[in-house]
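Notes to accompany the following structure.
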Amino acid sequence: MIKQWLKAGFFTSLIFSGVVDAAIPKFGLAPLSPTVLQVPSNASSSVSYLVRNNTSIPRMLTMQPLPGIAQVVNAGTCSNPFYLNPGQTCVLALQVNGSQLPVSGIHDGPVICKTFGPGNNSPDPFLCSRPSALEILNISVVAATSGHLLWLYNGVPVTNVDLLTDTSGNITLSNTGINTVTNLQISIPAPYNAYFSNGCGASLLPNSSCNISYNIPSPVFSNNFVITATGLNADNSPLPLSVEIGPVGPVQCWGENNTGQLGNGTTTPPALPVTSPADPLSVVLGITNATEISGGSTYTCSMLATGQVQCWGANNLGQLGNGAPLPGATSLTAVNVIGINTAVDISAGETHACAVLANGTVQCWGANNVGQLGNGLTTNSSTPVTVAGITNAVEVSAGFYHTCAVLANGQVSCWGGNDFGQLGNGTTAPLPQFFPAAPVIGVDNAIAITTSSFTSCALLANTQVKCWGVNNVGQVGMGQFSPSVPTPTTVVGVNNVGVLSGITDLSGRGFHTTALGSNGLVYAWGLNNAAQLGNGTLDNSPFPTMVLGISAPAIDVSSGLVHACALLINGQMQCWGKNEFGQLGLGNAPPPPSVPPDIYTSAQTVLGLTNGIGLLEHGSAAISCAIVS
Numbered sequence: 001m002i003k004q005w006l007k008a009g010f011f012t013s014l015i016f017s018g019v020v021d022a023a024i025p026k027f028g029l030a031p032l033s034p035t036v037l038q039v040p041s042n043a044s045s046s047v048s049y050l051v052r053n054n055t056s057i058p059r060m061l062t063m064q065p066l067p068g069i070a071q072v073v074n075a076g077t078c079s080n081p082f083y084l085n086p087g088q089t090c091v092l093a094l095q096v097n098g099s100q101l102p103v104s105g106i107h108d109g110p111v112i113c114k115t116f117g118p119g120n121n122s123p124d125p126f127l128c129s130r131p132s133a134l135e136i137l138n139i140s141v142v143a144a145t146s147g148h149l150l151w152l153y154n155g156v157p158v159t160n161v162d163l164l165t166d167t168s169g170n171i172t173l174s175n176t177g178i179n180t181v182t183n184l185q186i187s188i189p190a191p192y193n194a195y196f197s198n199g200c201g202a203s204l205l206p207n208s209s210c211n212i213s214y215n216i217p218s219p220v221f222s223n224n225f226v227i228t229a230t231g232l233n234a235d236n237s238p239l240p241l242s243v244e245i246g247p248v249g250p251v252q253c254w255g256e257n258n259t260g261q262l263g264n265g266t267t268t269p270p271a272l273p274v275t276s277p278a279d280p281l282s283v284v285l286g287i288t289n290a291t292e293i294s295g296g297s298t299y300t301c302s303m304l305a306t307g308q309v310q311c312w313g314a315n316n317l318g319q320l321g322n323g324a325p326l327p328g329a330t331s332l333t334a335v336n337v338i339g340i341n342t343a344v345d346i347s348a349g350e351t352h353a354c355a356v357l358a359n360g361t362v363q364c365w366g367a368n369n370v371g372q373l374g375n376g377l378t379t380n381s382s383t384p385v386t387v388a389g390i391t392n393a394v395e396v397s398a399g400f401y402h403t404c405a406v407l408a409n410g411q412v413s414c415w416g417g418n419d420f421g422q423l424g425n426g427t428t429a430p431l432p433q434f435f436p437a438a439p440v441i442g443v444d445n446a447i448a449i450t451t452s453s454f455t456s457c458a459l460l461a462n463t464q465v466k467c468w469g470v471n472n473v474g475q476v477g478m479g480q481f482s483p484s485v486p487t488p489t490t491v492v493g494v495n496n497v498g499v500l501s502g503i504t505d506l507s508g509r510g511f512h513t514t515a516l517g518s519n520g521l522v523y524a525w526g527l528n529n530a531a532q533l534g535n536g537t538l539d540n541s542p543f544p545t546m547v548l549g550i551s552a553p554a555i556d557v558s559s560g561l562v563h564a565c566a567l568l569i570n571g572q573m574q575c576w577g578k579n580e581f582g583q584l585g586l587g588n589a590p591p592p593p594s595v596p597p598d599i600y601t602s603a604q605t606v607l608g609l610t611n612g613i614g615l616l617e618h619g620s621a622a623i624s625c626a627i628v629s
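Just so we're aligned, residue 1 is where the sequence shown starts under full-length UniProt numbering, counting upward by one.
Pasting the structure below:
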């Protein structure tokens, strides 16, 4: 449906079509997912609509009851009831319970009404709207004959989980079907299988569950992998579960600090650079429980274990998300991003940032000149705005002026600028996408995403990588140079032999991408004018090459604009590339502007860091950061 709006050139004010006694309904309902469903009597499904208040006054709204249909507040942005100002929208998330549906199914609704008023939140039939005839719910009930597997975490159905170091707990596998699942097998790839204990037997009876326990040490092989459950007589076998293991702790940053992007309370001048984590000024003030860090060109953001997000540095375009009138003032210390308390992933782009919330929605803030915030507008925002139409995101990555998200079904959706095909929709149309477009062509098993300046790369469940976008210096990794590649292309193997596989993490920034192998080796491709590929040369590479000098197995990687870094299993960190602001962490003062900066073509050990547990996701500035224990 979103794709249809985009093709037609519609914006939010035009996407809702007639219902209820008028060409434009009082309350518009536009489907964000298929509305024609067949639901087994022992299973559930979900559907969502974008609701808009088309009236001229604020309204308190609610949904008329439908048998077997329940609103899931924490999966959407509409509360129950929900308040909308004129022109305001929210996402209405619904769960369809097959066991509660009428035998005849549901072939109408949902119907949104104003409430009776204060103290009575019941729907007032005097003023209601429903979708158009082609967009109403059309749900049929089908018989259940098989077992049905379901992953649960903390009692909630999931398709992905984020686990932290130094934690333990259980992931549950349930059979919600009516028959026994036999020959049950749980597959956990090495080296991550050392952190899990499989408590599931060879079969799983109907309406029963088993646990897979975990005990995550620190430091650890972080990053992304997939646990898979397979079994006979299960109608959804194999059932994957995407898992990401992340760190938690204080943060240290070093390198460029002209806008306070180090978060140490200063804008240290070039005469007093912070050139390694051995410098006390490398400590980011006020943060003790970071789980992710991500850097833009002049600012930095961190996600906390509490689900909050904090940012620091420049704020001229609202990139700190603190609601300050634009242009906002620079903050030399971390400030809270307004209204975000349930973040599960963050990413800082050049001048905009985004977060995935626990309910699967995405919120973005900052620059929006080509629609990179995904809300259908082109106005910058110093407060987070909800990306239209996405309710099942698991990861997000913000690029130069485009954004991509991995969805729970393994698809990828992108929006914003597309002048080099970085949205993966098969075109290099200069017209940007102001809403998330149809899923990226040919990607249906992604578990992670990274965006560099004008290129996007997805890590797949099979440990391979697909990239798309600008390719003039080999950023797509397809083995040859070309102006652009607007559809996803498989990254070739190291030194252009075979296909790259065994990858567990990606980090792209500038015009290069760095990849982490399950073997602890690090690979890179793309621009190499400043040795950011770390392969001993200054030659651009359209295929992955191995980073030289890595002294122990790597467990995390980070790409900067003209440098890159790896975190090692022993807690040390190594970096390579350009060192003009001391971002490699070697402790040596950067040369004066009249002298060419030092360039290191292989991995160099960072001074004073032996307790690293996580790295900057990526950074557009000349800084490096680490989460430490």
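Built from N, CA and C at the ideal position, the CB exists for glycine as well.
Just so you know, these numbers come straight off a predicted model, no measurement behind them.
DSSP-derived helix/strand/coil call for residue i
i, result
"Val-36", "strand"
"Val-494", "helix"
"Gly-98", "helix"
"Val-440", "coil"
"Asn-121", "strand"
"residue 698", "The displayed coordinates of the chain run from 1 to 629. Any statement about residue 698 would go beyond what the structure contains."
"Tyr-523", "strand"
"Val-19", "Note that Val-19 has pLDDT 34, beneath the 50 cutoff, so the model's placement of it is unreliable and the number below is only indicative. Reduced to three states, the DSSP call for Val-19 is strand."
"Ala-143", "coil"
"Asn-341", "coil"
"Ala-622", "coil"
"Asn-74", "helix"
"Gly-199", "coil"
"Leu-568", "strand"
"Ala-461", "coil"
Residue i - partner residues in DSSP beta bridges
i, result
"Ala-130", "The question names Ala, but residue 130 in the sequence shown is Arg. Beta-bridge pairing links Arg-130 to no other residue."
"Lys-578", "Ile-599"
"Gly-517", "Ile-503"
"Met-478", "Answer by DSSP bridge pairing: none, since Met-478 is not bridged."
"Gln-64", "DSSP output for Gln-64 lists no bridge partner at all."
"Ile-57", "For Ile-57, which the question treats as bridged, DSSP gives no partner whatsoever."
"Pro-206", "Note: Pro-206 sits in no beta bridge, so no partner."
"Tyr-192", "DSSP, once it has assigned bridges, lists no residue as partnering Tyr-192."
"Phe-27", "Asn-53"
"His-352", "Gly-366"
"Leu-149", "Asn-175"
"Asp-162", "Glu-244"
"Tyr-83", "Met-60"
Distance between beta carbons of residue j and residue i, contact taken as under 8 Å
i, j, result
"Gly-231", "Pro-206", "About 13 Å; that fails the 8 Å criterion."
"Ile-293", "Gln-310", "The Cβ separation is near 10 Å, so there is no contact."
"Thr-165", "Pro-247", "5 Å"
"Tyr-299", "Thr-259", "7 Å"
"Val-557", "Trp-576", "Rounded, the Cβ-Cβ distance is 11 Å, inconsistent with contact."
"Ser-624", "Gly-255", "6 Å"
"Gly-469", "Ser-484", "6 Å"
"Gly-371", "Thr-379", "That belief does not hold up - the Cβ atoms of Gly-371 and Thr-379 are roughly 10 Å apart, past 8 Å."
"Ile-555", "Val-522", "Going by Cβ atoms, the distance from Ile-555 to Val-522 rounds to 10 Å, so no, they are not a contact pair."
"Thr-386", "Thr-77", "5 Å"
Other residues of its chain near residue i: CB distance less than 6 Å, five sequence neighbours each side excluded
i, result
"Leu-163", "Ile-216, Ile-245"
"Ser-146", "Gly-177, Asn-179, Asn-233, Asp-235"
"Val-111", "Gln-64, Cys-128, Arg-130"
"Val-161", "Tyr-153, Val-243"
"Asn-211", "Asn-170, Thr-172, Gly-199"
"Gly-474", "Phe-481, Trp-525, Gly-526, Asn-540, Ser-541, Pro-542"
Residues of its chain near residue i, where Cβ-Cβ distance is below 7 Å and the 5 sequence neighbours each way are ignored
i, result
"Gly-508", "Thr-450, Thr-451, Ser-452, Thr-455, Cys-457, Ser-559, His-618"
"Ile-139", "Leu-37, Val-39, Val-96, Leu-101, Gly-105, Ile-106"
"Ser-629", "Ser-218, Gly-249, Asn-611, Ile-613"
"Ala-22", "Any reading at Ala-22 is ruled out, since the residue's pLDDT is 40, under 50, leaving its predicted position unreliable."
"Thr-89", "Thr-12, Leu-50, Val-51, Arg-52"
Contacts around residue i, its chain only, beta-carbon distance under 8 Å, and the 5 residues preceding and following it disregarded
i, result
"Pro-597", "Lys-578, Asn-579, Glu-580, Pro-590, Pro-591"
"Ser-209", "Leu-152, Thr-172, Leu-173, Ser-174, Asn-175"
"Val-465", "Cys-457, Ala-458, Leu-459, Gly-477, Thr-490, Val-491, Leu-500, Ile-503, Leu-506, Ala-515"
Hey, is the region 604-617 in contact with the region 266-284, meaning 3+ C-beta pairs nearer than 8 Å?
yes
Is there contact between the region 35-53 and the region 393-401, where contact requires at least three CB pairs shorter than 8 Å?
no
Are the region 345-359 and the region 310-325 touching, with three or more C-beta to C-beta distances below 8 Å?
yes
Do the region 435-450 and the region 402-410 touch if we need at least three Cβ pairs shorter than 8 Å?
yes
Kindly confirm or deny that the region 355-371 and the region 323-342 touch, where touching means at least three C-beta pairs closer than 8 Å.
The region 355-371 is in contact with the region 323-342.
Is the region 427-436 close to the region 325-334, with three or more CB pairs under 8 Å?
no
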